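Peer 1: Below you will find the structure I want to go over with you.
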Amino acid sequence: DDSNETVVTQSASVEKDSLEDALSGFEDASSATSNASSGSHSDLEDALEGFGDTPILATQVESNAPKVVKKVSPLTISGQLSAKSAFAYQSNAPQIGGADYRGLTKLQLTGLVKFDYKIAPDWKSRLEIKGGVDSIYTLKGRSHYSSDSLNTYESDLEIGEAYVSGSLTDDLDIKIGRQIVVWGKSDSIRLTDVMNPLDNRELGLVDIEDLRLPVLMTKLDYYQGDWQLSLLAQHEHRNPKEAAVNSEYFPTGVLPTPPGFVFPDIEADTLQLDETTFSVAATGRFSGWDLSLYAGRFQDSRWHFTEGNTQRAYGQFNMAGLATNVMVDSWLLKAELAILDDLQYNTVTAKQTRIDGLLGLEYKGFTDTTISFEVADRYLPDHVVAMESLPDAVKQHNLQTALRVLYNFNHDRATLGYLGQYFGETFEQGGFHRVWLDYELTQSVNVTGGVIDYFGGDNALLEAMKNNDKLFVEAKYYF
-19 DDSNETVVTQ SASVEKDSLE DALSGFEDAS SATSNASSGS HSDLEDALEG
31 FGDTPILATQ VESNAPKVVK KVSPLTISGQ LSAKSAFAYQ SNAPQIGGAD
81 YRGLTKLQLT GLVKFDYKIA PDWKSRLEIK GGVDSIYTLK GRSHYSSDSL
131 NTYESDLEIG EAYVSGSLTD DLDIKIGRQI VVWGKSDSIR LTDVMNPLDN
181 RELGLVDIED LRLPVLMTKL DYYQGDWQLS LLAQHEHRNP KEAAVNSEYF
231 PTGVLPTPPG FVFPDIEADT LQLDETTFSV AATGRFSGWD LSLYAGRFQD
281 SRWHFTEGNT QRAYGQFNMA GLATNVMVDS WLLKAELAIL DDLQYNTVTA
331 KQTRIDGLLG LEYKGFTDTT ISFEVADRYL PDHVVAMESL PDAVKQHNLQ
381 TALRVLYNFN HDRATLGYLG QYFGETFEQG GFHRVWLDYE LTQSVNVTGG
431 VIDYFGGDNA LLEAMKNNDK LFVEAKYYF
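Numbered by our numbering, the letters in the sequence shown go through residues -19 to 459 in order.
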């Protein structure tokens, strides 16, 4: 048994030695492989050493490289092109001289280009150029119209707003140039809104917001808490744009002038720095209401005869006034009050004082609907009966009423509107109604169409215009 154990032990020992010898090659190979791998890894690291630095280098190059930023131009050009037409549908529409104001009365193309330039972060400038041409006069025959009508309506080219504005300090801004300044709270009746003259060539066809004419002035605005204080120096006394003499919107034939009387022209606009007038405004905006105070000297919107009735001129007057809005739920209450003096009239020689007041209500309680009702009274304390004659045609109390209704629909892309203007305590002086539909076809194209109906009364001029009723349409392209 012991011999057998010895044999087995020896055999196992031999097998162990043989196995170790057999595996020794693998250990050597493994060691060689490990050494080779270590050497190869070292060689690879050496070979890739430069590549290992590449991401860092690329990052450094990328961070040091200038960033490509799309530069925004400081100049922005925008504007609009408009095509307008009107049709007088009354068979007894006015015929004055050789001019026939029946049927098609307007085929007008107009354009407006705005150049806005950002001078610095807090400074900017604007230049507007506008113009238009109405081919209806060529179509109907220019010889049938007076030179005044052709000069007034056939073509137009002018500079609109043109100003530079910016911040002098955190609380003080300045604006110099031709500009529009809106005062007052009323949307339909002018009371304290006296800074800019209006384009009065077509009664009732255009809203006040699109009728204001810019004038050259310097305006300083100081802001303190809830208040804004404005100081204004008006360098340009620009005349309103009036309808042509003896035309459909200014039938001077009804005025009590002697036979052969030639209606005089208006004195030319003046732009003289030594005739600069000054005004001031203070506006406070609070929770649910606001208050504005105004004072200054301004150009009148009414003309008067001068030089023995051989010329007409727009005088100047002084005004102090206030305006306020108060919001109560869905109601907006409006009020304006102004005292004017140094007013000139044609039928009296003494200059007059006038007290103007306005009350208005605006209701927005109905979905997508706004209803506005305003009444104004212009009171002449020193009124005399002679002032009721033309061309003044004013009473001691001169009432004007305006009703405006707007309904928005089709996701606010369409607006159906009504505006009525009525003159006199019982509307006995005359007035007009206008109904229109404004529709946004695209972001760039807008179309408006409607009808205006005039009605006459005790006012001779409005009575003479009562048959000027028209259908009108306008297409605008914005760019």
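Even for Gly, the Cβ is constructed at its ideal location relative to N, Cα and C. All of these numbers come straight from a predicted model, not from anything done at the bench.
Expressed to the nearest angstrom, what Euclidean distance is found between the alpha-carbon atoms of S166 and A79?
Peer 2: 37 Å
Peer 1: K221 bridges to which residues according to DSSP?
Peer 2: D179
Peer 1: Is Q279 near Q296, with beta carbons less than 7 Å apart?
Peer 2: yes
Peer 1: Would you list, in sequence order, the uninterrupted beta strand (DSSP E) runs of no fewer than 3 residues that lie entirely inside the region 88 to 128?
Peer 2: The region 88 to 128 contains these whole beta strand (DSSP E) runs: 103 to 114.
Peer 1: Taking C-alpha atoms, which residue in R265, I116 and T422 lies nearest to Q204?
Peer 2: R265
Peer 1: So, is Q423 buried or exposed, given that buried needs 16 or more other C-beta atoms within 10 angstroms?
Peer 2: exposed
Peer 1: How big is the Cα-Cα spacing for S105 and S369?
Peer 2: 47 Å
Peer 1: For E454, is the classification buried or exposed, using 16 other Cβ atoms within 10 angstroms of its Cβ as the cut-off for buried?
Peer 2: buried
Peer 1: What are the boundary residues of the alpha helix (DSSP H) that includes E443?
Peer 2: A440 to A444
Peer 1: Give the straight-line distance between the Cα atoms of H377 and L271, rounded to the nearest whole angstrom.
Peer 2: 26 Å
Peer 1: Taking 8 Å as the limit between beta carbons, can you name the residues of its chain near P231, skipping five residues before and five after?
Peer 2: P74, I76, L441, A444 and M445
Peer 1: Is any heavy atom of the ligand SAM found at a distance shorter than 6 Å from the C-beta of Y117?
Peer 2: For the ligand SAM, the structure offers nothing, since it holds no ligand at all.
Peer 1: Quick test of the definition: if touching needs 3 or more C-beta pairs under 8 Å, does the region 312 to 330 touch the region 339 to 346?
Peer 2: yes
Peer 1: For G5, collect the residues of the same chain with a Cβ closer than 8 Å to its Cβ; drop the 5 residues on either side in sequence, then sort them by chain order.
Peer 2: Residue confidence for G5 is low, a pLDDT of 45 falling below 50, so the modelled location carries little weight and cannot support an answer.
Peer 1: Sort T350, L191, T263 and T349 by Cα distance to L211 and report the nearest one.
Peer 2: T263
Peer 1: Taking the straight line between their C-alpha atoms, what separation do you get for S168 and L451?
Peer 2: 21 Å
Peer 1: For V365, name the three-state secondary structure that DSSP assigns.
Peer 2: helix
Peer 1: So is G233 buried or exposed if we call it buried at 16+ other beta carbons inside 10 Å?
Peer 2: exposed
Peer 1: DSSP three-state label for S18, please.
Peer 2: Residue placement at S18 cannot be trusted, given a pLDDT of 44 that sits under 50; the coordinates are not used to answer.
Peer 1: Roughly how many whole angstroms lie between the Cα atoms of R158 and N298?
Peer 2: 22 Å
Peer 1: Three or more C-beta pairs closer than 8 Å, one from the region 401 to 410 and one from the region 374 to 390: is that the case here?
Peer 2: Touching, yes.
Peer 1: Any chance the region 49 to 62 sits against the region 92 to 102, with 3 or more Cβ pairs inside 8 Å?
Peer 2: yes
Peer 1: For A293, which residues in the same chain have their Cβ closer than 6 Å to its Cβ, ignoring the five residues on either side in sequence?
Peer 2: E247 and T286
Peer 1: Who are the near neighbours of G437 in its chain, counting only those whose CB is closer than 8 Å to its CB and skipping five residues on each side?
Peer 2: F403, G404, F407, E408, Q409, G410, G411 and E443
Peer 1: Please state whether DSSP places E134 in a helix, a strand or coil.
Peer 2: Helix.
Peer 1: At the level of alpha carbons, what is the spacing between R122 and N180?
Peer 2: 22 Å
Peer 1: In this structure, what does DSSP give as the bridge partners for R282?
Peer 2: According to DSSP, R282 bridges with nothing at all.
Peer 1: By Cβ distance below 7 Å, which residues in the same chain neighbour I156 in space, the five residues on each side in sequence not counted?
Peer 2: Y143, V144 and T198
Peer 1: Among residues of its own chain, excluding the 5 on either side of A224, which ones have a beta-carbon nearer than 6 Å to its beta-carbon?
Peer 2: D128, S129 and T132
Peer 1: Buried or exposed: which applies to G430, given that a residue is buried once 16 or more other Cβ atoms fall within 10 Å of its Cβ?
Peer 2: buried
Peer 1: Less than 7 Å separating the beta-carbons of R218 and P177?
Peer 2: yes
Peer 1: Going by DSSP, what residues sit across from A382 in a beta bridge?
Peer 2: E354 and Q401
Peer 1: For D(-18), which of helix, strand or coil comes out of DSSP?
Peer 2: Any reading at D(-18) must be qualified, since the residue scores a pLDDT of 44, below 50, and its modelled position is unreliable; the value itself is stated next. Here D(-18) carries a helix assignment [DSSP, helix/strand/coil].
Peer 1: Quick check on L171: does DSSP put it in helix, strand or coil?
Peer 2: coil
Peer 1: Does DSSP put L421 in a helix, a strand or coil?
Peer 2: coil
Peer 1: According to the neighbour-count rule (16 or more other Cβ atoms, all chains shown, within 10 Å of its Cβ), is L119 buried or exposed?
Peer 2: exposed
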